[in-house]
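Peer 1: Can you read through this structure? Questions will come right after.
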Ligand SMILES: [Mg+2]
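In our numbering, the protein residues as written are -3 to 294.
Written out as structure tokens, the structure reads:
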């Protein structure tokens, strides 16, 4: 077991209730800047989408920020854009633009056995059956690494949403807090310390400690399920909560400040009073789903 995972396993509750909080796009307003300023320009450049740059940008926003695939793996959303969203975009049709196929890359992404990371791409490059496949995967790997560089350079000093600080302060008096994220731990520790909010948190759980559902499974051994509340901004957060049978509160994309205000003024007290489950939670989740449609309106 890694030292990271041990920290989560060995964590001792000091309260009966636990609030698990996602970080990116939930506490910190980092998703927009990451997608708009880093992923999108490089996607346009590396995938040859310059003739339909505006449309590509709309697709990127829809896929990664404001639809069911919000927060999904970078490769999955790029394939969604190349094969589904961009070819059906009216601007693409109007210009008669043929979206590049990237068929070897798409095949790799759609293979359920693929590890969708830089490391997984490197493995696939070694196993490539011909030069075309190899060059295509190498090209995508360069894109992915270029994006990582840009994120490190550009995404910094991004503050927490309004009412996050007050909420953490309020929670910390009565319940335990863990960060439950799929970002690398080092980046999480840096961000939470930079904004002086790490002091409220018992453990910062990131990528190295497993998936979010696995973090929550460890927590379920320490707290009653109806005393665990997961706060997140993406369908993956909701799925992780429901997989473990714990409660979920949504930070609605594009309306984060209000979601945190509501949490601070109302939701946390309901949770502590044992009144959150049932109709109240169902209403929160139904509203969240409206924020993240399946299909675009084009
Ligand atoms: Mg998130």
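Quick reminder that beta carbons are idealized off the backbone N, C-alpha and C, glycines included.
Compute the distance between the beta-carbons of residue 55 and residue 81, then report whether it is under 8 Å.
Peer 2: Against a cut-off of 8 Å, the Cβ pair of residue 81 and residue 55 comes out as a contact.
Peer 1: Pull up the CB-CB distance for residue 149 and residue 181, whole angstroms please, since I reckon it's below 8 Å.
Peer 2: The pair is not a contact, with the Cβ atoms about 21 Å apart (cut-off 8 Å).
Peer 1: Express the C-alpha separation of residue 49 and residue 240 in angstroms, rounding to a whole number.
Peer 2: When rounded, the distance between both Cα atoms is 41 Å.
Peer 1: Just confirm the distance between the C-beta atoms of residue 236 and residue 226, as a whole number of angstroms; I'd bet it's less than 8 Å.
Peer 2: Their Cβ separation, rounded to whole angstroms, is 7 Å, which keeps residue 236 and residue 226 in contact under 8 Å.
Peer 1: On the three-state DSSP scale, how would you describe residue 168?
Peer 2: Here residue 168 sits in helix by DSSP.
Peer 1: Per DSSP, what kind of secondary structure is residue 156 in: helix, strand or coil?
Peer 2: DSSP places residue 156 in strand when its eight states are reduced to three.
Peer 1: Within the continuous alpha helix (DSSP H) that includes residue 228, where are the two ends?
Peer 2: Note, residue 228: premise wrong, no alpha helix (DSSP H); beta strand (DSSP E) at 224 to 228.
Peer 1: Give the C-beta separation of residue 95 and residue 75 to the nearest angstrom, bearing in mind that I take them to be a contact with Cβ-Cβ under 8 Å.
Peer 2: Not confirmed; about 11 Å, so no contact.
Peer 1: Taking the runs of the alpha helix (DSSP H) that are 4 residues or longer, which of them lie wholly in the stretch 225 to 259?
Peer 2: Runs of the alpha helix (DSSP H) inside the stretch 225 to 259: 231 to 239, 252 to 258.
Peer 1: Taking DSSP's pairing of strands, which residues face residue 173 in a bridge?
Peer 2: Paired residues: 15.
Peer 1: Return the CA-CA distance between residue 216 and residue 25, expressed in angstroms with no decimal places.
Peer 2: About 28 Å.
Peer 1: Can you give the Cα-Cα distance for residue 344 and residue 9, rounded to whole angstroms?
Peer 2: Because the chain spans -3 through 294 in this model, residue 344 falls outside it and cannot be assessed.
Peer 1: Cβ-heavy atom distance between residue 230 and ligand 1 below 7 Å?
Peer 2: Under cutoff, so the answer is yes.
Peer 1: Quick check: the Cα distance between residue 11 and residue 17, rounded to an integer number of angstroms?
Peer 2: One C-alpha to the other measures close to 16 Å.
Peer 1: Distance check for residue 178 and residue 290, CA to CA, integer angstroms please.
Peer 2: Residue 290 and residue 178: Cα-Cα distance of roughly 23 Å.
Peer 1: Determine which residues share a DSSP beta bridge with residue 200 and list them.
Peer 2: Answer by DSSP bridge pairing, in chain order: 175.
Peer 1: Regarding residue 67 and ligand 1, is the C-beta to nearest heavy atom distance less than 7 Å?
Peer 2: Yes, ligand 1 has a heavy atom inside 7 Å of this Cβ.
Peer 1: For residue 87, which residues in the same chain have their Cβ closer than 7 Å to its Cβ, ignoring the five residues on either side in sequence?
Peer 2: Cβ within range, chain order: 48, 50, 51.
Peer 1: For residue 259, collect the residues of the same chain with a Cβ closer than 6 Å to its Cβ; drop the 5 residues on either side in sequence, then sort them by chain order.
Peer 2: Here the set comprises 163.
Peer 1: What are the partner residues of residue 24, as DSSP defines its beta bridges?
Peer 2: BP columns for residue 24 point to 20, 156.
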